[in-house]
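Counting in this note's numbering, the sequence shown runs from 4 upward without gaps.
Heads up, the beta-carbon is just placed ideally off N, CA and C, and yes, glycines get one too.
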Amino acid sequence: MRTSGTTLSPEERQRRLVKASRDYMHGRISAQELQEIEDQYGVDYAAAAMDIARRSSWSLRDLWSVLVGRRRKVAP
């Protein structure tokens, strides 16, 4: 059962977005699944990128280009 993004705290929505972004980068979920999660919870790429870069070996510039570049390709 899916939980509506509006019933969650901003921190919980952000935590779920960061986890989904990490799962996508590691090949655990597809681009379509990531898009569905983003649509459900909203997207804050700056916060997600900062959090992932802080916790990983990716540079912020590389991570940001992956996140923004993928979004541009998926969006209609």
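Candidates the options, of which the one nearest residue i by Cα
| i | options | result |
| --- | --- | --- |
| glutamate 39 | Leu20, Arg25, His29, Arg57 | Leu20 |
| arginine 16 | Ser68, Ala34, Asp65, Asp42 | Asp42 |
| arginine 58 | Arg31, Gln35, Lys22 | Lys22 |
| glutamate 14 | Met28, Arg31, Ser68, Asp54 | Asp54 |
Residue i: first and last residue of the uninterrupted alpha helix (DSSP H) it sits in
| i | result |
| --- | --- |
| leucine 11 | First-last for leucine 11: undefined, no H or E at that position. |
| isoleucine 32 | Isoleucine 32 -> no alpha helix (DSSP H), and no H or E assigned at all. |
Cβ neighbours of residue i in the same chain (closer than 7 Å, five flanking residues each side left out)
| i | result |
| --- | --- |
| threonine 10 | none |
| aspartate 26 | Ile32 |
Beta-carbon contacts of residue i that lie in its chain and below 8 Å, excluding the five residues immediately before and after
| i | result |
| --- | --- |
| glycine 8 | Because glycine 8 sits at a pLDDT of 46, beneath the cut-off of 50, its placement in the model cannot be relied upon, and the point is left open. |
beta-carbon residue i near the ligand HEM non-hydrogen atom, thresh 6 Å
| i | result |
| --- | --- |
| glutamine 43 | You won't find the ligand HEM in this model; it holds no ligand whatsoever. |
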